[in-house]
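**Student:** Listed in order, the protein sequences are those of chains A and B.
Once you know that position 153 of the first sequence is 153 in our numbering, the rest is easy, because the numbers rise by one and skip nothing.
One rule links them: number in our numbering = place in the second sequence (from 1) + 1000.
Positions of the beta carbon are idealized from the N, C-alpha and C atoms, including for glycine.
One structure, as structure tokens, below. Some questions next.
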Amino acid sequence: MTQLKLWDQVFLLSGAYMATDFEPKIVGFLCNWCSYAGADKAGTAQNPYPPNVNVVRVMCSGRVDPQFVMNVFEKGADGVLILACHPGDCHYKEGNYRAAQRYRILIKLLAQLGIEEGRCRFDYVSASEGDKFVSVITDMVNTIKKLGPLRLAGEAKCFSS
Amino acid sequence: MKIGIYFCKCGTNIADKVDADKVKENISVSSGEKHYKTVDFLCSEEGKEFLERDIRENGVERVVISACSPRDHESTFMRVLSKAGINPYLMQMVNVREQVAWVTTDMKKATEKTSRYINSAIKRVVLHHALEKKEIDASPDTLIIGAGPAGLKIAMALAEAGRKVVIVEKTPVIGGMPVQYEEIFPDMECGPCMLEPIMGEILHGEHAGNIELLTMAEVEDVVGSYGNFTVKIRQAARCADPHKCIGCHECVEPCPVSAKNSFNCDLSERKAISFPFAGALPHVPYIDNSLCLRMKGEDCRLCKDACPVDDAIVLDEQETFIERTVGAIVIAIGAGIYDCTKIPNLGYATIPDVYTGIEFERIMASNGPTDGEIRTSKGGVPRSLAIVHCVGSLDKNHKEYCSGICCQYAFKFNHIIEAKLPGTKIYHFYKELSIPGKDGYMLYNHARNNPDAVFIRYSDIRDLTVKVKNGEKIIEFSDSSGAKGFSPADMVVLCPAVVPSKGAAKLGHLLEASGDKAGFFEELHGRMDSAQSKIKGIYLAGSCQSPMDIQKTVNQGMAVAGYILSGLVTGRKLEIKPIAANINSDSCSGCRVCLSVCPYKAISFSPEKKVSVVNEALCQGCGACVVACPCGAVTGNHFTNEEIMAEIEGALA
Chain A
1 MTQLKLWDQV FLLSGAYMAT DFEPKIVGFL CNWCSYAGAD KAGTAQNPYP PNVNVVRVMC
61 SGRVDPQFVM NVFEKGADGV LILACHPGDC HYKEGNYRAA QRYRILIKLL AQLGIEEGRC
121 RFDYVSASEG DKFVSVITDM VNTIKKLGPL RLAGEAKCFS S
Chain B
1001 MKIGIYFCKC GTNIADKVDA DKVKENISVS SGEKHYKTVD FLCSEEGKEF LERDIRENGV
1061 ERVVISACSP RDHESTFMRV LSKAGINPYL MQMVNVREQV AWVTTDMKKA TEKTSRYINS
1121 AIKRVVLHHA LEKKEIDASP DTLIIGAGPA GLKIAMALAE AGRKVVIVEK TPVIGGMPVQ
1181 YEEIFPDMEC GPCMLEPIMG EILHGEHAGN IELLTMAEVE DVVGSYGNFT VKIRQAARCA
1241 DPHKCIGCHE CVEPCPVSAK NSFNCDLSER KAISFPFAGA LPHVPYIDNS LCLRMKGEDC
1301 RLCKDACPVD DAIVLDEQET FIERTVGAIV IAIGAGIYDC TKIPNLGYAT IPDVYTGIEF
1361 ERIMASNGPT DGEIRTSKGG VPRSLAIVHC VGSLDKNHKE YCSGICCQYA FKFNHIIEAK
1421 LPGTKIYHFY KELSIPGKDG YMLYNHARNN PDAVFIRYSD IRDLTVKVKN GEKIIEFSDS
1481 SGAKGFSPAD MVVLCPAVVP SKGAAKLGHL LEASGDKAGF FEELHGRMDS AQSKIKGIYL
1541 AGSCQSPMDI QKTVNQGMAV AGYILSGLVT GRKLEIKPIA ANINSDSCSG CRVCLSVCPY
1601 KAISFSPEKK VSVVNEALCQ GCGACVVACP CGAVTGNHFT NEEIMAEIEG ALA
């Protein structure tokens, strides 16, 4: 499962059209200490945002295996968000740097598979940045709405099990 | 498997935004039995009692709680699960209040999202493992490296609480730097007088039995982790028995070898056997084996012959190695000062009578090289004296930070010079002035009100040049407004940047405690946890962590004592949280990638088994190694790949 296997044949038919009733499915990986707390902060401030992002809490953004991201796209998501502590603020010292490094490689890999960069976003949200969380989510949903549904065709297998 | 799903309405907070009945319809349990209940306030006493009873009476095996953020009440409900007789980790919380109800305007969408989250949680919770907290034995003893004010205060606090303490001090004396200062800012207290009570307590006080003081000793090796460090200490030969020596000094005079006395900044001479300075504690001489004639093969025994006590001097004593087991290690090694020769225009080490602040402290000290007399190298009284602030501090070419203590000791110098040499002109060359706190202003005001003190602000240290012109020393300067001038300076005192001490890097490497970009020991958190290093069980006190004054040093030391007293309790085992990494040795290829990514040095390599091993006492459960392992050999407890993937599938179903 951890061994990345590049797809031999991937046909991507990304929607270049703007579907008006399209509600993107987005998975957001949030680190427990900063970004998840930032999301809670948006909640306590009762600051609304679109409901399209499904949050998966991880202890550290450095725990986000690129495999999870591949998995998310394979299972039908239109976008992935990875939110981390700001540089220098990681609860585990350097997990956010690892996440940032992996992200840079990951988007290149995704591009090879025809998945646009905008579908996978990495950002920093601190525990106090409820407003930033809301704007990141809102912006992400709008971006994916513009990109349209992700369509993977063929024998798309993100990972071997 | 019976899965209990408890939907908390949180009064109107959730109930007004999410339709609980609709949620019940929407959720499905693919493998197992659904047991769905709604509760008004699950975190209330009644709610908790209901939850406990309901789990018990219905034989619930897994629990999903749809309520508020797990950051609020996860531990509350984990305790209820324990009381109900099931493992607290067999639960998953769904954050409906903060992350759905309060932020979703459309009730239909909020209900759908809640249903999705609960379905995700159900898929996840069936995979949860019952995890148990582990306990390990831990030593309540402490090793303190450095016998300065911080080290001594920590030792005293711990010894008074009945803890065993080992102090390892590199030099033959205790008290650190301030014991060499005749007067200390802000109130001109005498340094040795301030420290002597505690030094006396350490050596001979009521709790001295709990303190093992090793001077002329250094940490050689450390293995183990929080609770169980094994420390190897190199004990150099002092060649004098502290228990027998009566401190009479008879041994010193006959010694035929003379050398520079480093305790007086090489400004005076000492013998191969000597006391560092008058009043140094412990009051026992030491032999510098690099100087002693016996080390050069000569059969000199003049010191021993002069000693009135049998066997107080132990010639040919050899260094020894001592091993101790401790639960915690404190780094309190202090700091050093910037090498002023790196700023050659200031003439340090090339022009006579240019001194660093520490050298000047010794010159002013009555037990120093000149018995406290301030004299030029020609023997005269200096009629003018320049004090250069910010030497190497706040300077991109040297050290970018402010050293924080220099202004205050510079104004202390001003005060002492004024008292010792009335009428002497004092020129303060400064880049910035920093005198924070409730006491700092007094010496500053005193200097400002001194008619013989002149303040000249410069913007770059390169704008100052110390030179000798017609036999007189002067400082040529260009001030911050660009105006050029010169001032006489029979003596120049430099206030160098405070820098990490010479041994810091080596010790940091030994203890695996990281340094920051300036080379000081890096704290766990700059504001909330500056007394802890990033390695659990290794604490920081004093200027080894950042430039600081004695007050802050001692306070930080007491914070360390607090951490140790609360963290390591005699007779109590160390609790290890189960959210940690696990390495399956059958799958591990021994590539050691995990070692390189672990921020806590919690993974080691077993050369016998040729696999990596996690130290659960150190692991913080971040999961970096789980992702990095190319073999899938590492499992992150409670956040396994399978659990996270199940959650994702549920979210996208």
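Determine which residues share a DSSP beta bridge with B/S1612 and list them.
**Tutor:** Answer by DSSP bridge pairing, in chain order: B/F1605.
**Student:** Taking B/S1384 as the reference, give the member of B/L1421, B/K1378, B/Q1408 with the closest Cα.
**Tutor:** Cα-wise, what sits closest to B/S1384 is B/L1421.
**Student:** At the level of alpha carbons, what is the spacing between B/A1489 and B/R1234?
**Tutor:** Distance between the alpha carbons of B/A1489 and B/R1234 is about 46 Å.
**Student:** With a threshold of 8 Å between beta carbons, is B/L1652 in contact with chain A?
**Tutor:** At least one chain A Cβ lies under 8 Å of B/L1652.
**Student:** Take B/L1652 as the anchor and find which of B/T1104, B/E1112, B/G1085, B/F1007 has the nearest alpha-carbon.
**Tutor:** Out of B/T1104, B/E1112, B/G1085, B/F1007, B/E1112 has the C-alpha closest to the C-alpha of B/L1652.
**Student:** To the nearest whole angstrom, what separates the beta carbons of A/Y103 and A/F122, a pair I think is in contact under 8 Å?
**Tutor:** Sure, about 4 Å apart at Cβ, within 8 Å.
**Student:** Kindly indicate which three-state DSSP category B/A1328 falls into: helix, strand or coil?
**Tutor:** DSSP places B/A1328 in strand when its eight states are reduced to three.
**Student:** Specify, as a first and last residue, the run of the alpha helix (DSSP H) that B/T1465 falls within.
**Tutor:** Counting along the chain, B/T1465 falls outside any alpha helix (DSSP H), though it belongs to the beta strand (DSSP E) covering 1464 to 1469.
**Student:** Can you give me the Cβ contacts of B/C1625 inside the same chain, cut-off strictly under 7 Å, excluding the 5 residues immediately before and after it?
**Tutor:** Only A1581, C1594, V1597, C1598, I1603, V1634 meet the Cβ criterion.
**Student:** For A/L6 and A/W33, what's the separation of their Cα atoms in angstroms?
**Tutor:** Residue confidence is low: A/L6 scores 38 on pLDDT, short of 50, so the model does not pin down where it sits. Its coordinate-derived value is still stated next. Distance between the alpha carbons of A/L6 and A/W33: 33 Å.
**Student:** If you measure from the beta carbon of A/V58 to each beta carbon in chain B, is any gap under 8 Å?
**Tutor:** Chain B contact via Cβ: present.
**Student:** Apart from the five residues on each side of it in sequence, which residues of its chain come closer than 6 Å, Cβ to Cβ, to A/V134?
**Tutor:** Excluding residues within five positions, the ones whose Cβ falls inside 6 Å are A42, N47, Y49.
**Student:** State the DSSP-derived secondary structure class of B/C1594, mapped to helix, strand or coil.
**Tutor:** In the structure shown, B/C1594 sits in a helix (DSSP, three-state: H, G or I).
**Student:** Report all residues from its chain with a CB closer than 7 Å to the CB of B/T1104; omit the five preceding and five following residues, and keep chain order.
**Tutor:** These residues qualify, in order along the chain: K1017, A1110, K1113.
**Student:** Taking any Cβ of chain C, which residues in the segment 35 to 47 of chain A have a Cβ under 9 Å from it, in chain order?
**Tutor:** In the structure shown, chain C cannot be found, because the protein chains are A and B.
**Student:** In chain order, what are the residue ranges of uninterrupted beta strand (DSSP E) at least 3 long that sit wholly in the segment 1320 to 1385 of chain B?
**Tutor:** Listed in chain order, the complete beta strand (DSSP E) runs (minimum 3 residues) inside the segment 1320 to 1385 of chain B are 1320 to 1326, 1328 to 1331, 1335 to 1337, 1354 to 1356.
**Student:** Let me check understanding here. Comparing Cα to Cα, which of A/P24, A/V64, A/V56 lies closest to B/C1622?
**Tutor:** B/C1622 has its Cα closest to that of A/V64, out of A/P24, A/V64, A/V56.
**Student:** With the cut-off set at 8 Å, would you say B/V1063 and B/G1151 are in Cβ contact?
**Tutor:** Contact flag unset, no.
**Student:** Please look up how many angstroms separate the CB atoms of B/E1643 and B/R1124, rounded, as I've assumed it's under 8 Å.
**Tutor:** About 5 Å; that satisfies the 8 Å criterion.
**Student:** Would you call the segment 1263 to 1270 of chain B and the segment 1356 to 1365 of chain B in contact, with 3 or more CB pairs under 8 Å?
**Tutor:** Contact holds: three or more Cβ-Cβ distances are below 8 Å.
**Student:** Does the beta-carbon distance from B/V1023 to B/F1007 come in below 8 Å?
**Tutor:** In contact: B/V1023 and B/F1007 (Cβ atoms closer than 8 Å).
**Student:** Judging by CA-CA distance, which residue of B/L1081, B/F1041, B/S1066 is the nearest neighbour of B/G1059?
**Tutor:** Comparing Cα positions, the closest option is B/L1081.
**Student:** Thinking just about the alpha-carbon of each residue, which of B/V1498, B/F1455, B/F1521, B/K1517 is nearest to the one in B/H1509?
**Tutor:** Nearest C-alpha to B/H1509: B/F1521.
**Student:** For B/G1650 and B/C1010, I'd like the C-alpha separation in whole angstroms.
**Tutor:** Rounded to whole angstroms, B/G1650 to B/C1010 spans 24 Å at the Cα level.
**Student:** Step through the CB atoms of chain B and report whether any lies within less than 8 Å of the CB of A/A77.
**Tutor:** Output row for A/A77: interface = yes.
**Student:** Using a Cβ-Cβ cut-off of 8 Å, state whether B/T1424 counts as contacting chain A.
**Tutor:** For B/T1424, the answer is no, since every Cβ of chain A falls outside 8 Å of its Cβ.
**Student:** Which residues does DSSP list as the beta-bridge partners of B/L1574?
**Tutor:** Answer by DSSP bridge pairing, in chain order: B/I1136.
**Student:** Look at B/A1240 and B/E1319 and say whether their C-beta atoms are less than 8 Å apart.
**Tutor:** Result no, Cβ atoms of B/A1240 and B/E1319 do not sit closer than 8 Å.
**Student:** With hydrogens ignored, establish whether the beta-carbon of B/C1193 is closer than 7 Å to any heavy atom of the ligand MG.
**Tutor:** Of the ligands one can find in the structure shown there are none, so the ligand MG has no counterpart to examine.
**Student:** So does the segment 1565 to 1576 of chain B actually touch the segment 1550 to 1557 of chain B, counting three or more Cβ pairs closer than 8 Å?
**Tutor:** These segments do not touch.
**Student:** Per the contact definition of three or more C-beta pairs closer than 8 Å, is the segment 1313 to 1327 of chain B in contact with the segment 1203 to 1211 of chain B?
**Tutor:** Counting Cβ pairs under 8 Å, fewer than three are found: no touch.
**Student:** Given that B/T1105 touches chain A, what residues does it touch there, using C-beta distances under 7 Å?
**Tutor:** Within 7 Å Cβ-Cβ: P48.
**Student:** Alpha carbon to alpha carbon, how far is A/G95 from B/N1641? Give it in angstroms, no decimals.
**Tutor:** B/N1641 and A/G95: Cα-Cα distance of roughly 17 Å.
**Student:** Please report how far the alpha carbon of B/L1281 lies from the alpha carbon of B/I1358, in whole angstroms.
**Tutor:** So the two alpha carbons sit approximately 20 Å from each other.
**Student:** List the endpoints of the continuous beta strand (DSSP E) containing B/E1418.
**Tutor:** That residue, B/E1418, is in no beta strand (DSSP E); its alpha helix (DSSP H) goes 1406 to 1420.
**Student:** Flag A/V141 as yes if its beta-carbon sits less than 8 Å from any beta-carbon of chain B, otherwise no.
**Tutor:** False, the Cβ-Cβ gap to chain B never drops below 8 Å.
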